[in-house]
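**Student:** Protein chains in written order, with our numbering: chain A, 9 to 217; chain B, 18 to 102.
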């Protein structure tokens, strides 16, 4: 089985020396850190907020906050872990504002039965991605992940899309390792269940809605 | 092993984070349980589809614009701090 690889771009320059240079006022060093992680932060922000304008604001605010608080970064964790923690908080704050829903939280009670046990066990087509065109497939994937509670989709994005470890994800979100594992399992199962209606084998139905 | 036991271990199984003895038990369960086999395969496909089809890539023109905006804000922040100190 393929091991999940990290998606962050590891540059040749040591990250800690860039951070140290930025702390000493070297803006070009900080600029390099921005280039290294802006794509990741944007993806994470988009997944949490589902709003491009908000995601753009999150990217700007997260990097600015990181810059302004560099002195507080002690190097006990990776710079990226620290940065994503800032970005996730910013993204959740914007999501709350937009939804005018004060309950949006990573540790909200999401103990729903839905998706915990698979109901749809029909096999998928041999090449599910080829049933739809690229843009239609993108719409299906967006719509499907948007349906997950924020706490589930944030864990799924960090673990399965960004390729971070369970421990790193726990550290970033301030949750325990068992809490991350439980959310990840349920996020994966719920996504699988929801995608099945688009991708299931034609032997078991028409494969489309 | 029951199907519910298999499901509890599914994530670690997919991530390859289980002991050899547990892996043998799970492999054996998969061998005879068609439903778990389907759930295992389609869950793996779900993860792969999301990993292979990045739905929120940062377009280059936007990336350049954001980068400039971030660096302008950082510069201002640094200069404001210098004035205070």
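Ideal placement from N, C-alpha and C gives every residue a C-beta, glycine not left out.
Which value, in whole angstroms, describes the spacing of the CA atoms of residue 58 of chain A and residue 155 of chain A?
**Tutor:** 11 Å
**Student:** Under 8 Å, Cβ to Cβ, is there at least one residue of chain A near residue 97 of chain B?
**Tutor:** Judged by the 8 Å Cβ criterion, residue 97 of chain B is not in contact with chain A.
**Student:** Quick one: give me the first and last residue of the alpha helix (DSSP H) that residue 20 of chain B is part of.
**Tutor:** 20-31
**Student:** Report the rounded CA-to-CA distance for residue 106 of chain A versus residue 99 of chain A, giving the unit in angstroms.
**Tutor:** 11 Å
**Student:** Please check the pair residue 44 of chain B and residue 35 of chain B, which I expect to be a contact at CB under 8 Å, by giving their CB distance rounded to whole angstroms.
**Tutor:** Contact doesn't hold; Cβ gap of about 10 Å is too wide.
**Student:** Where DSSP assigns a beta bridge to residue 98 of chain B, which residues make up the other side?
**Tutor:** In the DSSP output, where bridge partners are listed per residue, residue 98 of chain B has none listed.
**Student:** Pull up the distance between the alpha-carbon of residue 89 of chain A and that of residue 180 of chain A, whole angstroms please.
**Tutor:** 6 Å
**Student:** If you count every other CB in all the chains shown that lies within 10 Å of the CB of residue 49 of chain B, and 16 or more means buried, which is it?
**Tutor:** exposed
**Student:** Can you name the start and end residues of the alpha helix (DSSP H) that residue 90 of chain A belongs to?
**Tutor:** 87-107
**Student:** Could you name the residues that DSSP lists as bridge partners for residue 132 of chain A?
**Tutor:** A/208
**Student:** Residues in the region 29-51 of chain A with C-beta within 8 Å of chain B's C-beta atoms, listed in sequence order?
**Tutor:** Those residues of the region 29-51 of chain A that come within reach of chain B (Cβ to Cβ, closer than 8 Å) are 33, 35, 38, 39, 42, 43, 46, 47, 50, 51.
**Student:** For residue 181 of chain A, go through chain B and note every residue whose CB falls closer than 8 Å to its CB, in chain order.
**Tutor:** Those within 8 Å of residue 181 of chain A in chain B number zero; the least Cβ separation is about 16 Å.
**Student:** Residue 65 of chain A and residue 80 of chain B: beta carbons closer than 8 Å?
**Tutor:** no
**Student:** Output needed for residue 60 of chain B: all residues of its chain with C-beta closer than 7 Å, excluding positions within five of it in sequence on either side, in chain order.
**Tutor:** 27, 31
**Student:** Quick one: which residues of the region 162-192 of chain A get their C-beta closer than 7 Å to a C-beta of chain B? List them in chain order.
**Tutor:** 168, 169, 189, 192
**Student:** For a contact defined as C-beta to C-beta under 7 Å, what are the partners of residue 132 of chain A on chain B?
**Tutor:** 59, 62
**Student:** What are the residues in the region 73-102 of chain B lying within 9 Å of chain A by C-beta distance?
**Tutor:** 73, 74, 75, 79, 80, 82, 83, 84, 86, 87, 88, 90, 91, 92, 94, 95, 98, 99
**Student:** Run through chain B and tell me which residues come within less than 8 Å of residue 3 of chain A, C-beta to C-beta.
**Tutor:** Within the shown structure, residues of chain A are numbered from 9 to 217, placing residue 3 of chain A beyond reach of any answer.
**Student:** Got a sec? Which residues, its chain only, sit under 6 Å from residue 12 of chain A by beta carbon, not counting five neighbours each side?
**Tutor:** Only weak support exists for where residue 12 of chain A lies, its pLDDT of 43 falling under 50; the value from the coordinates is given anyway. Excluding residues within five positions, the ones whose Cβ falls inside 6 Å are 171.
**Student:** Using only CA atoms, which one of A/86, A/70, A/202 lies nearest to residue 88 of chain B?
**Tutor:** Taking the Cα of residue 88 of chain B as reference, the smallest distance to any Cα among A/86, A/70, A/202 is reached at A/70.
**Student:** Taking 8 Å as the threshold (C-beta atoms), are residue 95 of chain A and residue 153 of chain A in contact?
**Tutor:** Cβ distance not < 8 Å, so residue 153 of chain A and residue 95 of chain A don't count as in contact.
**Student:** Need the endpoints of the alpha helix (DSSP H) that residue 64 of chain B sits in, please.
**Tutor:** From DSSP, the alpha helix (DSSP H) with residue 64 of chain B extends over 51-69.
**Student:** Among the residues of its own chain, which have a CB less than 7 Å from the CB of residue 148 of chain A, if the five just before and after it don't count?
**Tutor:** 140, 206
**Student:** Which one of A/85, A/190, A/203, A/60 has the shortest CA to CA distance from residue 167 of chain A?
**Tutor:** Nearest of A/85, A/190, A/203, A/60 to residue 167 of chain A, Cα basis: A/190.
**Student:** Please check the pair residue 209 of chain A and residue 130 of chain A, which I expect to be a contact at CB under 8 Å, by giving their CB distance rounded to whole angstroms.
**Tutor:** 6 Å
**Student:** Which residues in chain A have a C-beta closer than 7 Å to the C-beta of residue 28 of chain B? List them in chain order.
**Tutor:** 189, 192, 193, 196
**Student:** If you reduce the DSSP assignment to three classes, tell me which class residue 180 of chain A lands in.
**Tutor:** helix
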